[in-house]
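Structure record follows, encoded as C-alpha cells.
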Amino acid sequence: MRRRSTTYTVLAILLDWLCTVIALATASTLRTTLPLGRVIQSDVIVPPSLIILAMTIWFAVFLALSVYDPRRLVRLSDEIRRVIAANFFALLVLAGVLYFSDREVSRLLVIYLAALETSLRVAWRLLAHLLLAKRRAQACRVLIVGSGELAERIVETLRSEARSDMQIVGFLDNGDSALGDVPRLGRLADAAQVAKQHAIGEVVITLPYREYEYLNALILELQRLPVQVRVAPNYLNLALYRATVEEFGGVPLINLRDPALNAYQRVVKRAFDLILGTLLLLLSAPLWAIIWLAIRLDSKGAAFFKQERIGENGKPFMMYKFRTMVEGAEKQPIVRYDEQGNPIHKIANDPRVTRVGHFLRRTSLDELPQLLNVLRGEMSLVGPRPEVAWMLDKYQAWQLKRFAVPQGMTGWWQINGRSDKPLHLHTEDDLYYIQNYSILLDLLILWRTIFVVLRGRGAF
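Residue numbers (the UniProt record's numbering): 1 to 460.
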C-alpha cells in the first residue's frame with residue numbers, strides 16, 4: 001500500500017500542475033470571450049510569470065495543508081474536502097501576492113482560474129478513485145494473525161471511519177479464542193495457505209507474548225508471497241502514541257518517547273499560536289478588565305486562579321483561569337463516579353461556583369487567561385485539555401497517549417461534547433486529533449469552538 005500511495009502522490013502532483021496550466025489557458029480564453037469585465041487592451045492576458053507563480057503557490061499550499069500526505073488519502077470525501085479548502089487558501093495567497101507585485105493581472109482572470117483549478121483537481125480525483133476502486137478493494141483484504149486484546153484493538157482501528165476501505169477477511173489462532181464476528185480461518189501454520197486462497201493483500205501479526213516463538217517462521221513464510229506484512233508489538237502499543245527506530249553505534253534502538261508532531265509541524269503550530277494568541281490577547285484586553293472587576297465585586301478573593309496541570313509528555317505547569325468558585329474551593333474537590341467506577345470531577349450545579357462564575361463558565365470566558373500559557377509555550381490554542389495532577393493516577397495506561405502533544409485551550413473532544421463527556425469517554429477523541437493532526441484541523445476546531453461556546457452546551 002505504501003508503494004501505491006507514493007505513486008499516487010507523485011501522479012497527483014504532476015496532474016495538479018497540469019491542471020494549473022490548463023486552468024490558466026482556459027481562464028485566459030474565457031476572459032476574452034465572455035462579456036464580463038472591461039475590455040483588456042494588452043495582448044498578453046497570462047504573463048509567463050503568472051504561470052510559474054500559480055504553480056508554485058498551489059504546490060506549496062497543498063504541501064502545507066497535507067493534501068499530498070499518503071496517510072490522509074484513504075477516503076475520497078476527506079481528500080476532496082482538503083482539495084477544496086486548499087484551493088480556497090491558495091486563491092487568497094495568490095491574490096495577496098498579485099496585489100503587492102502585479103496589479104495589471106485581471107481580477108476576473110484570477111476568479112476563473114480558482115474555479116477551474118478546483119473543478120479540474122476534484123474531477124480527476126473522482127475519476128481516479130472510480131478507476132482504482134476495484135483494484136483498491138482487492139489490495140485491502142486483511143488477515144489478522146493472532147488474537148487477544150491487541151488483535152481486538154487492531155480490528156476496531158481498521159473498521160473505524162478513517163480506515164473504512166480495509167476489509168478484514170478473517171483471523172488465525174492456535175487456540176479456541178474468538179475475535180468478535182471475524183471468522184477464524186485456521187491455525188498460525190496455515191498463514192501462507194490462507195493468504196493465497198483468500199487473495200490477501202495485508203497481513204497484520206498481533207501475536208501475544210507467549211506465541212512470539214512463531215514470529216520468525218511466520219514472517220519467513222509470508223515473505224514469499226506478494227503481501228504486506230505488519231507486526232503490532234504489545235510493548236509499543238502500551239507505550240506512548242508514536243515510536244521511531246534510531247541507530248546508536250550501529251545498534252537499532254526504539255524510541256518510545258518520540259514526539260507525535262514532527263519538527264515542521266511543531267514550528268507551524270507554534271507560529272500559529274504566537275500570532276493568533278497575541279492578536280486574541282490584545283483584542284480581549286478590555287474584556288479582562290470588566291471580568292476582573294465583576295469577580296472582585298461578586299465574591300471575596302483574587303480574580304485570577306492558578307492550578308497545577310499536566311502538559312506535554314507529563315510536564316507539570318501552572319495554568320491560569322479567571323476564578324469561578326468561592327475562595328479555597330479547590331481544597332475540597334467534589335468527585336463523582338459513573339456506573340463503571342470512572343471518576344467525573346466536573347459536575348453540573350456545583351454549589352461552589354459563584355454567580356459570575358456561572359456566567360463565565362457558560363460562555364467559557366474563564367479560559368481567557370490561558371492565552372498567557374499559550375504565549376509562554378506551556379499550552380497551545382488547540383490540543384487535548386491539560387489534566388489536573390491528582391487525576392493522573394486514575395488514568396489507564398492507554399489514556400496517557402493524549403499527553404504526546406501540547407495541551408490546548410480547546411480541542412476535538414470539546415467541540416464534540418465538552419463537559420457532557422467525562423474523562424474515560426473523551427480520551428479517544430484526543431487520540432483521534434493526535435493521529436489526524438494538521439493546521440487545517442486546528443482551524444476547523446477553532447471555528448467550530450465559536451458555535452459550541454455560543455450554544456453553551458456542556459459548559460458548567
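Ideal Cβ positions, reconstructed from N, Cα and C, are used throughout, including at glycine.
- Please go through the same chain and pick out, in chain order, the residues whose beta-carbon is closer than 8 Å to the beta-carbon of Q223, but skip the five residues on each side of it. Position 223 of the sequence shown holds residue 223. Counting only Cβ-Cβ distances below 8 Å, and skipping sequence neighbours, we find V229.
Looking at the unbroken beta strand (DSSP E) that takes in E202, where does it start and where does it end?
If you number the sequence shown from 1, residue 202 lands on position 202. Looking at the DSSP string, the run of the beta strand (DSSP E) that includes E202 is 202-205.
Check: By the 10 Å Cβ neighbour count, where 16 or more other Cβ atoms means buried, how is P183 classified, buried or exposed?
Finding: Position 183 of the sequence shown, counted from the start, is the residue given in the question as residue 183. Exposed is the call here.
What does the Cβ neighbour count give for W447, buried or exposed, with the cut at 16 atoms within 10 Å? For the purposes of this step, residue 447 is taken as residue 447 along the sequence shown, with counting starting at 1. W447 comes out exposed.
Check your understanding: Going by the beta-carbon positions, is the gap between S147 and K269 smaller than 8 Å?
Key -> As a position in the sequence shown, residue 147 is number 147, starting the count at 1. As a position in the sequence shown, residue 269 is number 269, starting the count at 1. No, these two residues do not count as a Cβ contact at 8 Å.
Practice prompt. Determine the extent of the beta strand (DSSP E) in which R402 is found, giving its start and end residues.
Written response: One-based indexing of the sequence shown puts residue 402 at position 402. No beta strand (DSSP E) contains R402, which DSSP labels as neither H nor E.
Exercise. Tell me, please, whether the region 365-384 touches the region 309-322 by the rule of three or more beta-carbon pairs shorter than 8 Å.
Key: With the cut-off at 8 Å, the region 365-384 and the region 309-322 touch.
- Tell me where the alpha helix (DSSP H) around I52 begins and ends. Locating residue 52 in the sequence shown gives position 52, counting from the first residue. Note, I52: alpha helix (DSSP H), 48-64.
Might you give, ordered along the chain, the residues of its own chain that have their beta carbon closer than 7 Å to the beta carbon of I22, omitting 5 neighbours on each side?
Here residue 22 refers to the residue found at position 22 when the sequence shown is read from its first residue. Excluding five sequence positions before and after I22, the CB atoms of its chain that fall closer than 7 Å to its own CB belong to L120, given in chain order.
Worksheet entry | Through-space distance from Y395 to M318, alpha-carbon basis | Numbered from its first residue, the sequence shown carries residue 318 at position 318. Numbered from its first residue, the sequence shown carries residue 395 at position 395. Using only the alpha carbons, I get a separation of about 20 Å.
Exercise for the section: Mind reading off the beta-carbon distance from N87 to T118? Whole number of angstroms is fine, and I expect it under 8 Å. Expected result: Here residue 87 is taken as the residue at index 87 of the sequence shown, counted from 1. Here residue 118 is taken as the residue at index 118 of the sequence shown, counted from 1. Separation of the CB atoms of N87 and T118 is rounded to 4 Å, and the pair is thereby assigned contact status at 8 Å.
*asked:* According to DSSP, simplified to helix, strand and coil, what is V44?
replied: Taking the first residue of the sequence shown as position 1, residue 44 is located at position 44. For V44, the predicted structure reports a pLDDT of 45, less than 50, and the residue's modelled location is therefore unreliable. A value from the coordinates is still provided. In this structure, V44 counts as coil in the three-state DSSP scheme.
Where the beta strand (DSSP E) containing E308 begins and where it ends: Indexing the sequence shown from 1 puts residue 308 at position 308. That run of the beta strand (DSSP E) goes 304-310.
Paired residues, beta bridge with R230 - DSSP: As a position in the sequence shown, residue 230 is number 230, starting the count at 1. R230 is bridged to V204.
Beta-carbon separation of residue 473 and R266 under 8 Å?
Because the chain spans 1 through 460 in this model, residue 473 falls outside it and cannot be assessed.
key: Where P286 sits in the DSSP three-state scheme   = As a first step, residue 286 must be located in the sequence shown, where it is residue number 286. In the structure shown, P286 adopts helical secondary structure according to DSSP, grouped into three states.
Residue range of the unbroken beta strand (DSSP E) whose run includes I144 = Position 144 of the sequence shown holds residue 144. Unbroken beta strand (DSSP E) run through I144: 141-145.
Rounded C-alpha distance that separates G186 from N174
Walking along the sequence shown from the start, residue 186 turns up at place 186. Walking along the sequence shown from the start, residue 174 turns up at place 174. Their backbone Cα atoms lie some 8 Å apart in a straight line.
C-beta atoms of I415 and I445 nearer than 8 Å
Taking the sequence shown and counting its residues from 1, the one referred to as residue 415 is at position 415. Taking the sequence shown and counting its residues from 1, the one referred to as residue 445 is at position 445. Pairing I415 with I445 gives a Cβ-Cβ distance under 8 Å.
Give the DSSP bridge partners of R184, in chain order. Reading the sequence shown from its first residue, position 184 is the one you call residue 184. Beta-bridge pairing by DSSP links R184 to F171.
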